[in-house]
Amino acid sequence: MGGEGLDYARLGLKVGLEVHRQLDTAGKLFCSCPTRLRLDEPDLTVLRYLRPTQSEVGEVDRAALFEAQKGKAIVYEAYEDTTCLVELDEEPPHELNREALEIALQVALLLGSRPVDEVHIMRKIVIDGSTPFGFQRTCVVALGGQIDVAGKAIPIQHVGLEEDAARKVGEGPDVVRYRLDRLGIPLIEVATAPVITSPEEAKRVALAIGRIMRATGKVKRGIGSVRQDLNISIEGGAITEVKGVQELELIPKVIENEVRRQVELLRIRDELRSRGLRPDDIRPDIVDATKVFESTSCKLIRKALRAGGVVLALKLPKFSGILAWEVMPGHRFGKELSDIASAWSGLGGIFHTDEVPAYGIKEHEVEALRELVGAGPEDAVVFVAGDEERCRRALLAVLERAKQALIGVPRETRMALPDGRTKFMRPRPGAARMYPETDVPPVKISPDYIEALKEKLPEPPEKLAERLMSKYGLNKKLAWQVIDMEVLELFEKGVEKGVPATVVATTLTETMKSLKRDGFDVDRIGEEQLLELFELIGHGKAFKEAIPDILAYLCKHEGASVEEAIRELGLTAMTEGEIKAVIKKVLQDNEALLRERGEKAFGPLMGAVMKLVRGRADPAKVRELLRQAMRAWAPKGA
Ligand SMILES: [Zn+2]
32 MGGEGLDYAR
42 LGLKVGLEVH
52 RQLDTAGKLF
62 CSCPTRLRLD
72 EPDLTVLRYL
82 RPTQSEVGEV
92 DRAALFEAQK
102 GKAIVYEAYE
112 DTTCLVELDE
122 EPPHELNREA
132 LEIALQVALL
142 LGSRPVDEVH
152 IMRKIVIDGS
162 TPFGFQRTCV
172 VALGGQIDVA
182 GKAIPIQHVG
192 LEEDAARKVG
202 EGPDVVRYRL
212 DRLGIPLIEV
222 ATAPVITSPE
232 EAKRVALAIG
242 RIMRATGKVK
252 RGIGSVRQDL
262 NISIEGGAIT
272 EVKGVQELEL
282 IPKVIENEVR
292 RQVELLRIRD
302 ELRSRGLRPD
312 DIRPDIVDAT
322 KVFESTSCKL
332 IRKALRAGGV
342 VLALKLPKFS
352 GILAWEVMPG
362 HRFGKELSDI
372 ASAWSGLGGI
382 FHTDEVPAYG
392 IKEHEVEALR
402 ELVGAGPEDA
412 VVFVAGDEER
422 CRRALLAVLE
432 RAKQALIGVP
442 RETRMALPDG
452 RTKFMRPRPG
462 AARMYPETDV
472 PPVKISPDYI
482 EALKEKLPEP
492 PEKLAERLMS
502 KYGLNKKLAW
512 QVIDMEVLEL
522 FEKGVEKGVP
532 ATVVATTLTE
542 TMKSLKRDGF
552 DVDRIGEEQL
562 LELFELIGHG
572 KAFKEAIPDI
582 LAYLCKHEGA
592 SVEEAIRELG
602 LTAMTEGEIK
612 AVIKKVLQDN
622 EALLRERGEK
632 AFGPLMGAVM
642 KLVRGRADPA
652 KVRELLRQAM
662 RAWAPKGA
């Protein structure tokens with residue numbers, strides 16, 4: 032573990048990528064409600080419980096069962112004016128949104144993907160409560176195609192459309208709250224074949240797909256509008272699905288961490304096998320250990336017991352030391368058990384003998400516990416405190432997971448955390464998860480319609496970059512930054528205000544990035560403010576040298592105008608008279624230098640003047656005035 036490099040080729044890394052992005056359509060995918068998120072209080076709430084349903088083939092989906100077992104109540108938050116009965120499942124869905132379909136087809140055609148003759152809507156079981164229907168509607172729009180990334184052809188499996196789920200706005204032990212504003216927003220999905228072989232390549236592929244989506248000009252921007260799912264596996268491991276990577280920059284880190292996890296899980300498997308452990312050795316003998324902790328000084332256990340709870344314990348034979356084994360940076364095998372236990376039971380986590388005495392638990396309690404469950408020094412003991420039923424569920428989940436440790440890497444769906452690590456989410460759903468949506472008619476796609484779409488396809492990203500370079504004189508790096516930082520529209524508006532293209536592009540990309548690196552919250556700067564800034568620069572009322580200071584001020588003073596920033600920072604444009612006065616003073620102070628070097632003194636003098644007027648005067652103007660003043664001064668000094 033630690034910093035040593037991973038040999039991805041030798042490990043047989045394979046990554047498949049699914050890029051999802053919200054479309055900026057007028058209406059939702061199956062109703063005409065606006066595709067807008069709300070921050071204000073909801074107008075109404077609806078309480079529901081979800082139960083797993085059997086699929087057509089008669090088996091209850093494992094992932095669905097998992098969610099239902101958590102037994103939480105679900106509250107949906109809705110709005111009178113921006114959600115309707117479709118989101119609440121009180122009215123059948125309307126027809127597939129044609130605007131969304133057209134955008135998805137444009138993306139498909141740009142990727143060389145083959146549109147289907149007829150779009151069939153399917154239901155994908157989702158029973159975490161994020162849709163009131165218990166499923167998410169999804170459809171395949173096109174198949175095949177490829178995207179070339181750094182000289183390698185990455186096959187596209189399909190281009191699809193699906194409805195976004197409701198967004199979770201709160202969760203307690205017994206209740207989950209979802210807001211329906213996001214439910215039904217169209218999401219385009221592009222899935223690649225699992226042919227990506229390095230973390231960096233995955234990032235490049237995601238970037239390239241994102242560029243194609245953005246080329247349509249009809250995708251949403253900002254936090255939460257993009258979600259990348261990764262299917263990651265190594266030789267001998269298993270496919271882990273990591274969901275919800277929002278930032279491109281995080282993709283390599285997530286893959287690296289998952290590869291490490293799989294490598295370590297395989298090593299743990301080998302270690303357990305070499306200790307002679309067999310699956311049947313792990314017995315479901317759950318022991319009530321409440322008595323051991325009757326007078327414990329562990330606050331967590333005391334609290335649970337006071338609330339009428341119990342302490343239950345499970346022996347994991349030959350697991351001593353394994354729970355302390357690091358599988359990801361700062362994330363031990365015990366955490367794998369803990370995450371899975373709390374996911375199945377709603378409890379906060381587990382205790383285990385690889386980490387106690389600690390948390391107020393004393394040596395003698397650990398000894399008593401070991402004796403109670405009959406654990407020797409080579410064994411580990413996992414114990415949990417709380418409601419008896421929940422404790423039992425938690426330990427059964429631990430038991431199953433411990434058995435899987437002998438097989439290696441379990442097939443599971445994990446969620447990406449903001450630091451690039453991942454966390455258990457649910458078992459991977461089985462094939463029984465999809466069935467046809469009978470409430471929405473299929474949509475025929477005629478060859479004529481496709482031909483017409485091909486005639487007016489959006490400008491591909493490479494063409495756009497070339498145009499930015501030739502039309503505005505941007506260099507290649509800046510052109511791509513304008514595209515990738517999604518500021519094209521703002522850039523073009525800024526240029527219209529009469530500001531040089533390179534200044535506008537640099538401001539929107541490099542300057543913003545560097546402020547962010549320095550800890551400024553650049554998200555607080557609005558488009559209106561940036562346009563005001565460009566307007567003032569265009570009119571000679573602000574200067575490009577002052578841009579970083581003005582933007583920094585706007586970050587610190589939310590809602591301030593650019594004019595206010597300029598005034599408060601003392602960056603108001605100097606009059607010609609004021610500049611001349613500064614120049615005169617600098618010339619007087621540097622008489623000796625002037626006399627000695629004549630015209631050659633221009634450089635140092637210009638530097639001295641700019642030091643005093645930077646951000647308040649146009650350097651070209653200053654240069655001109657300084658030359659004039661030097662010429663006027665020279666005869667006197669000669
Ligand atoms: Zn609606």
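Mapping of the sequence shown onto this note's numbering: position 595 corresponds to residue 626, and the numbering continues sequentially without gaps. Don't be surprised by glycine CBs; every beta carbon is placed ideally from N, CA and C.
(Q) Suppose you measure from the CA of Leu-495 to the CA of Leu-448; what does that come to, to the nearest Å? (A) Roughly 34 Å separates the two Cα atoms.
Q.
Is any non-hydrogen atom of ligand 1 found closer than 7 Å to the C-beta of Cys-422, if you look at the structure I gave you?
A. Not under cutoff, so the answer is no.
Q. Measuring CA to CA, which of Ser-376, Glu-576, Val-226, Lys-366 is closest to Thr-384?
A. Checking every option, the nearest Cα to that of Thr-384 belongs to Lys-366.
Q: Note down the Cα distance separating Val-341 from Leu-331, rounded to an integer number of angstroms.
A: Cα to Cα, the separation comes out at about 12 Å.
**Q.** Same chain only: Cβ atoms within 6 Å of Thr-114, ignoring 5 sequence neighbours per side
**A.** Once the five neighbours on either side are set aside, the close Cβ partners of Thr-114 are Cys-64, Leu-211.
Q) Is any heavy atom of ligand 1 found at a distance shorter than 7 Å from the C-beta of Gly-417? A) No, the Cβ of Gly-417 stays beyond 7 Å of every heavy atom of ligand 1.
(Q) Any residue with its Cβ nearer than 7 Å to a heavy atom of ligand 1 should be included. What is that list in chain order? (A) In chain order, the qualifying residues are Lys-59, Cys-62, Ser-63, Cys-64, Thr-114, Cys-115, Val-117, Glu-118, Gly-215.
Q) Would you report the Cα separation of Asp-450 and Leu-281, rounded to the nearest angstrom? A) Between Asp-450 and Leu-281, the C-alpha separation is close to 8 Å.
Q. Going along the chain, which residues of its own chain have a beta-carbon closer than 7 Å to the beta-carbon of Asp-410, five neighbours each way excluded?
A. If we look at Asp-410 and ignore the five residues flanking it on each side, its Cβ neighbours are Lys-346, Leu-347, Pro-348, Lys-349, Phe-350, Ser-351.
Q: Helix, strand or coil for Gly-267, going by three-state DSSP, please let me know.
A: Looking at Gly-267 - three-state DSSP - the assignment turns out to be coil, as it is neither helix nor strand.
(Q) Val-172 and Pro-146 - do their beta-carbons sit closer together than 8 Å? (A) Val-172 is positioned such that its CB atom lies closer than 8 Å to that of Pro-146.
Q) Looking at the unbroken alpha helix (DSSP H) that takes in Ile-581, where does it start and where does it end? A) Element bounds for Ile-581: 578–587.
Q.
What would DSSP say about Glu-130, mapped onto helix, strand or coil?
A. Glu-130: helix per DSSP, three-state reduction.
Q | Any alpha helix (DSSP H) of 4 or more consecutive residues that is wholly inside the stretch 316–395 | A | Segments of the alpha helix (DSSP H) lying fully in the stretch 316–395: 330–337, 364–376.
Q: Would you mind sorting Gln-167 into buried or exposed? The rule is 16 or more other CB atoms within 10 Å of its CB.
A: With 16 or more neighbouring CB atoms inside 10 Å of its own CB, Gln-167 falls in the buried class.
Q | Residues of its chain near Gly-268, where Cβ-Cβ distance is below 6 Å and the 5 sequence neighbours each way are ignored | A | The residues are Gln-293, Val-440.
**Q.** For Asp-580 and Leu-600, believed in contact at Cβ under 8 Å, the rounded distance
**A.** Right, the Cβ-Cβ distance comes to about 6 Å (below 8 Å), so this counts as a contact.
Q. From Pro-635 to Glu-622, what distance separates their C-alpha atoms?
A. Roughly 12 Å separates the two Cα atoms.
Q: Figure out for me which residue from Val-404, Gly-339, Arg-291, Val-412 has the closest Cα to the Cα of His-362.
A: Among Val-404, Gly-339, Arg-291, Val-412, the Cα nearest to that of His-362 is on Arg-291.
(Q) Let me check understanding here. Comparing Cα to Cα, which of Arg-79, Asp-112, Ala-135 lies closest to Asp-120? (A) Measuring from the Cα of Asp-120, the nearest candidate turns out to be Arg-79.
Q: Please classify Lys-547: does DSSP put it in a helix, a strand, or coil?
A: Residue state for Lys-547 is assigned as helix, using DSSP reduced to three classes.
Q) What does a CB cutoff of less than 6 Å around Gly-89 pick up in its chain, not counting 5 residues either side in sequence? A) Residue confidence for Gly-89 is low, a pLDDT of 45 falling below 50, so the modelled location carries little weight and cannot support an answer.
Q: Measure the C-alpha to C-alpha separation of Glu-443 and Glu-272 and round it to an integer number of angstroms.
A: Their backbone Cα atoms lie some 6 Å apart in a straight line.
Q: Compute the Euclidean distance between the alpha carbons of Trp-356 and Ile-476, then round it to the nearest angstrom.
A: Each residue's Cα considered, the two are about 54 Å apart.
Q: Using only alpha-carbon positions, find the residue among Ile-158, Ala-583, Met-359, Leu-624 that is nearest to Arg-452.
A: The residue with the shortest Cα to Cα distance from Arg-452 is Met-359.
Q | Cross-strand partners of Lys-155 (DSSP beta bridge) | A | BP columns for Lys-155 point to Gln-167, Met-465.
Q) Between which two residues does the beta strand (DSSP E) harbouring Lys-183 extend? A) Its beta strand (DSSP E) spans residues 183–194.
Q | Top-ranked residue by Cα proximity to Val-413, from His-189, Leu-488, Arg-401 | A | Cα-wise, what sits closest to Val-413 is Arg-401.
Q) Does the count of Cβ pairs from the stretch 545–553 and the stretch 590–605 closer than 8 Å reach three? A) The answer is no - the stretch 590–605 does not touch the stretch 545–553, with fewer than three Cβ pairs under 8 Å.
Q: Evaluate the contact criterion for the stretch 368–388 versus the stretch 295–307: three or more CB pairs, one atom per stretch, below 8 Å.
A: At 8 Å Cβ cutoff, the stretches do not touch.
Q: To the nearest angstrom, report how far apart Ile-614 and Cys-586 are at their CA atoms.
A: So the alpha carbons of these two residues sit roughly 33 Å apart.
Q: Note down the Cα distance separating Gly-143 from Asp-159, rounded to an integer number of angstroms.
A: Note on geometry: alpha-carbon atoms of Gly-143 and Asp-159 lie some 35 Å from one another.
Q. Do Ser-264 and Lys-45 have their C-beta atoms within less than 8 Å of each other?
A. In this structure, Lys-45 lies closer than 8 Å to Ser-264 by Cβ.
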